[in-house]
Structure formats: structure tokens, C-alpha cells
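>
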Amino acid sequence: MDRIINRRDLAFQLYEMLDVEKLSHYPRFKDHDRATYEAVIDAAEKLAIDKFANHAHKSDEQEPQFDGDKVSLIPEVKEAMSAYLEGGFHLAHRDEDEGGMQLPLCISQAVAAIFTGANAATTAYPFLTIAAANLLTAHGDSWQKERFLKPMLEGRFFGTMCLSEPQAGSSLGDIRTKAVANADGSYQISGTKMWISGGDHDLSENIIHLVLAKIPGGPAGVKGISLFIVPKYRLDEQGQTLGSNDVALAGLNHKMGYRGTTNCLLNFGESGACQGFLVGKPHHGLGTMFHMMNEARIGVGLGATMMGYAGYLYSLDYARQRPQGRPVDAKDPEAPQVPIIAHADVRHMLLAQKSYVEGGLSLCLYCAHLLDHAQQSDDPKEKVDLLLLLDFLTPLAKAWPSEFCLEANKLGMQILGGYGYTRDYPLERLYRDNRLNPIHEGTNGIQSLDLLGRKVMADQGRAFHMVMERMGEAIGAAAKYPALEEFVAAMQGAVDLMSRVTMKLVGAAREGKTESFLANSHDYLLMTGHIVMAWMWLRQATSAAAAIEQASGDERAFYAGKLMTARYFFHHELPKTGPQAAFLASLDTTVLDMPDAGF
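So in my numbering the end of the sequence shown lands on 726, straight run, no missing numbers.
Here's what the structure looks like:
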């Protein structure tokens, strides 16, 4: 076990839970097997330890600097990027004819998890580029792919997403960045973007900004948003970089976490010479951008999981080595002290962390596995159903880990006591980094509105009912094992509870009580997230129950740990959904009734 991820757990998730080896029946993955998957994961882990984890502390202490002319990063970041690109990890999921490894997404996500766990700030640069490249693959035209996508795949250009503005934040309908058509078919871009991760650096020849802007005369609000490619530097006809494209770094934002990632205030078109290129149709930019945003949301959830996971492993190691105190029934004050892992309170905090991070990893990899099947399936109905299910789970995959794996970091710091709050240990940095994830890519409040206001209601509730069906299948599979009887009963009760509360809320919406329907959407997200996580733990418990009787030694201990962690979640965490459900069913309007002057 290292301090990034427990490889035994990762193998369990991939090969026993998801059975990814069966993906080889798809033509795209026919040349892969477990040996090739493990070889890639091994190489990623070694590189992550050698070139990413080695400067996580330094890049946090020596954050990027802007001298008014250019941004400077510590040299280790460039070294890590060069090694990462040389290893081809940015192309793990891409086609072989693009130089890629043609791996399933659930494997490439496992690889991404390892790099994030090692150093979230440095991995932000290539991960943003990968997501931007995926968007251009899906929505760019042939000229854009040749001119911008190809050098991104070659590792020469990096990418960003530019949505927020100082006055608008998440209210994208209120953005002011403009795009005025030029005679040559390009657009003149002008405006300001805020909170742009990776918005300026010296890691690549060029930076390709994907910018949301409004074409004058278009519809008001979000229906008038278009999407543009805006390179930092202009290109000549051969694709070589020329001078500035009038994209100016106005300053760096200094956040409490992710300090090694440049976070920028960018001005576009200060001199009236910023050229952009329309992606897709005019006024359809937000829908196009959601290709990148949804990918990023699951990436945020995976990143939050891995920061929590790393913190869990550090605190577990510390708890096993730190002697302090004696058993509560010890009478002799001269008796030797015991490691703090022997104390019930510490064991409680370790179990909570384990349930959060291993559950979060299970959900994120499950989402990737759904997309693998959706992309490769020849059955149009199956493809639509899998994408609908993934769409429903996306706000949960983003928000639940960013809530509860942050809680795991808090618990990890608590286990270290006073040491946890010092920079001598990584727990406080992991907490600071992870605290950004409830805000990243749409706050968790926005995710809750998306879940209850859109995903639950979509297509007459079809996605919601599909989730219910999947949970029912998991209950049926678990019912074969007598040892899981209490989990089966609790899961069935939770599914029934979720169904009743959801129907009550949907009924209110249909009666026109929109405000009361959505007033407590965050509580709905927390309740639903915990029930989905119970589903993930029921699936893990079922796989463990199937394997434990034939296991011995460390393997038996591993499966026993899975079953005990599932028991912890069903005993300590799932019961929290009962009061949440009762509150939601009451359609409480306290937050709406409070007068402004009363705050």
C-alpha cells in the first residue's frame, strides 16, 4: 500500500466489481487484457510517484508568479509534463491511429486518479487539455481539428475552458463577452473571463481557450451563448505560432488550494485584435460546452475522491505508528502506550474515511464504465439508456465526493491531531486543495438544482426509474448471500424511501410549487447521494461475499474489510437519509420565508 491509492482496492474495483476484462469483446478493446491494463497502471503509478508527488509540497509553497509580463512556475512542473506527454498518458483513451493507447475510459480514469492523488495542481494542466481536445473531437470541423486539435494531441498546445466572468460567476446567461463576425468568417472577441485554471503558463507552445461569448443580435440569456476557439497566439497558414492574439493576463488569483495551478483573470481583445473561431452552430455554445463540463464534473468528483483517498492512507499509516494513550479499561498508568488505531474514536474516523473514498472511487469508475459501454454498443436503445443513466449520475458523481471526501480529509487531519494542521504533513494541503471541489465546475448547489430540477424530471422520470431498476438488480444479486440480509433489507427500504420522497416533490412541481419544490434541493442531493453510495457499497459487499469463502490470509482480510466497511456505511451513514427524507417530504419553506432584514 502506498500513499496515493491502495492498488488492491483499485484491482477489486476494476476486475471484480466492473469486470473490465469483458470489455475486450468490443472490437475497439480486443487487443487489451488485464496484463496490458496493469502495465499501464504500473507505469502511471511510477511516474506519479517520481515526477508528480515529488513536488506537490513545493508547488504549493512556491505558487506561480506573474511579473506583469509572463508567468513562471517551478521547473518540476515542466519536467512532470514532459514525462507525462512522453509516456502518452494524455492519449490513453485515444485511437491508435492518433498515437493513443485505445484504452477503455474506466482504465484511463483509473490512471487519471493516480496522477491526481499524487499532485492535483500539476495534473490540472493536462486534464483540462484532454477535456478540451475531447470537445473539439466531437464538435470541431475538419479545419479546426487539423489546426488546433492535432497539436493538442501532440502535446504542443494546451487547452482551457473560459466560462465565468467577474460579474456573472455561474450565471452564464449574464456573460458580457462579445463575438462580432469578421469578413473572413472568424470573429472578433472582446471581454473578460475570471477563474480560468491553466489560463496562462509556459508549459506549451500555445494555449487554446474555449470561450463562451454572445454574438450581438442573438437571443437573450443562455440561448444566446456561442462557443469559440481563441488561441493565445495566432497561427500562420502552416500552423506555426505567430504573435499575440490579443489575449492578456490581467492577474493571477491566489486561492487557498490548488496553488500550483495558475488561476487567471484574462482580458480578450483589449486592442481589438482578438480572433476567435466558432465551434458548432451560433447560439448553441452552452450545449456544446456541456460536453467538456460534464466530463470535468466527473473529473472533479474523481479528483475529490483521490485527495480524500491520499489523506485516508496518510492518516491510516499515522494511526498505526503513533503510540498514545492506553485502552479505556487499562488500570496501570505505567503500561505501554498503544497505537492510536486501537482507540474507538480513531477507528470510527478511519472507517468513515474508508467508506467515503472507496465508495466515491466506485461511483466514479462506474460512471466511466457506463460511458465505455455506451460508446461501444451497437444497440441504439442501449446506448441512449446508458447515456441517460450517466446523465442522472453526473451531478452526484461530482457533488457527493466533493462533500464527503472533503469530510474524509477533515477526519484525517483530526487523527493526526496538532500535526495534521502543520505543513510538515500533507493533510492540511490536501484539505485546502479539496475544499475547492464543492465549487469547481458548478457549485454543489447548482448540481442539486440540476439533479432535482432537470435529471429527475427528464423524459417523464425515465432516468430516475432506470436508477431504481439498477438498484433493484443489486438487491437481487445481494439477496443470494445470507450474510448480506440486513444490507438487502436496508437498501430496499432506502429505495422505497427515495421513490416516495421524489414522487412527493415531483407532485409539488406539477402543482406549480416550483420554489418549494427546489428550495431544499441540496438536502435532496445529500439524501440521494447517500442512497446511491449505499448501492455502490451493496455491490462491493456482494463481490466480497462471493469471494471471501475461498480466500485466505491477506486476501481474506481484504474482503472482510470490504464487508465491515459496508456494514459501517449501512449502520452509520444510510440511516441519516430517514430524517432528510421526512424533512424533504414536508416541503419546508423556512429558507423562502425568512425576510431579508432578518439575516
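Every residue, glycine too, gets a C-beta built ideally from N, C-alpha and C.
Could you tell me the distance, in whole angstroms, from the CA atom of Q189 to the CA atom of I201?
Distance between the alpha carbons of Q189 and I201 is about 7 Å.
> For E225 versus L150, is the C-beta distance shorter than 8 Å?
No, Cβ-Cβ distance for E225 and L150 is not below 8 Å.
> Starting from P675, trace the alpha helix (DSSP H) both ways and give me its first and last residue.
Checking the sequence shown, residue 675 turns out to be Ile, not Pro. First-last of the alpha helix (DSSP H) with I675: 648 to 675.
> Grab me the residues of L560's own chain with a C-beta within less than 6 Å of its C-beta, minus the 5 sequence neighbours each way, in chain order.
In the sequence on display, residue 560 carries Asp and not Leu. Excluding sequence neighbours, D560 sits near A247, G384, Y385, M434.
> So what does DSSP say about V615, is it helix, strand or coil?
Helix at V615.
> Between F284 and I334, which are expected to be in contact by the criterion C-beta below 8 Å, what is the C-beta distance as a whole number of angstroms?
Going by Cβ atoms, the distance from F284 to I334 rounds to 7 Å, so yes, they are a contact pair.
> Measuring only the C-alpha atoms, how far is M128 from Y436?
Low per-residue confidence applies at M128: pLDDT is 40, beneath 50, and the placement is therefore not dependable enough to give any value.
> Whole-angstrom Cβ separation of L557 and N536, contact assumed at under 8 Å?
Correct: roughly 5 Å between the Cβ atoms.
> Count the C-beta pairs between the stretch 341 to 348 and the stretch 408 to 425 that are closer than 8 Å, then say yes if the count reaches three, no if not.
Contact holds: three or more Cβ-Cβ distances are below 8 Å.
> Going straight from the alpha carbon of G326 to that of H336, what length do you get?
Cα to Cα, the separation comes out at about 8 Å.
> Is C71 helix, strand or coil by DSSP?
Only positions 128 to 726 of the chain appear in the structure, and residue 71 is not among them; the question remains open.
> Tell me which residues share the same chain as L652 and place their Cβ nearer than 8 Å to its Cβ, disregarding the 5 neighbours each side in the sequence.
Hits under 8 Å: P522, L523, A526, W527, N571, Q574, S575, L578, L579.
> Just tell me which of G244, T249, K157 has its CA closest to the CA of D187.
Among G244, T249, K157, the Cα nearest to that of D187 belongs to T249.
> Using 8 Å as the threshold, is the C-beta distance between T415 and L354 below it?
Yes, these two residues count as a Cβ contact at 8 Å.
> Kindly list the residues whose CB is nearer than 7 Å to the CB of E700, restricted to its own chain and excluding five residues on each side of it in sequence; keep chain order.
Answer for E700: S482, H657, listed in chain order.
> Tell me which residue opens and which closes the alpha helix (DSSP H) that S235 is part of.
Start and end: 232 to 245.
> Going residue by residue through the stretch 536 to 606, where are the continuous alpha helix (DSSP H) segments of at least 4 residues, counting only ones entirely within it?
Whole alpha helix (DSSP H) segments, 4+ residues: 554 to 561, 571 to 577, 585 to 605.
> Whose CA, out of G639, A668, G620, lies closest to the CA of A708?
Measuring from the Cα of A708, the nearest candidate turns out to be G620.
> Between which two residues does the beta strand (DSSP E) harbouring F285 extend?
F285 -> beta strand (DSSP E) spans 284 to 289.
> Starting from the Cα of S317, find the closest Cα among A306, Q451, A310 and give me that residue.
Ranking the options by Cα distance to S317, first place goes to A306.
> DSSP three-state call for M321: helix, strand or coil?
Strand at M321.
> Leaving out five residues on either side along the sequence, give the residues of the same chain with a beta carbon under 7 Å from the beta carbon of A617.
Same-chain partners within the cutoff: F697, L701.
> Is the separation between the beta-carbon of L429 and that of Q236 shorter than 8 Å?
Yes, Cβ-Cβ distance for L429 and Q236 is below 8 Å.
> Under 8 Å by Cβ, that's how I've got I542 and A446 pegged, so tell me the actual separation to the nearest angstrom.
Indeed, because the Cβ distance is near 6 Å, the residues count as touching under 8 Å.
> Along the chain, which unbroken stretches of the alpha helix (DSSP H) at least 4 residues long are found entirely within the stretch 144 to 174?
Correct list: 161 to 174.
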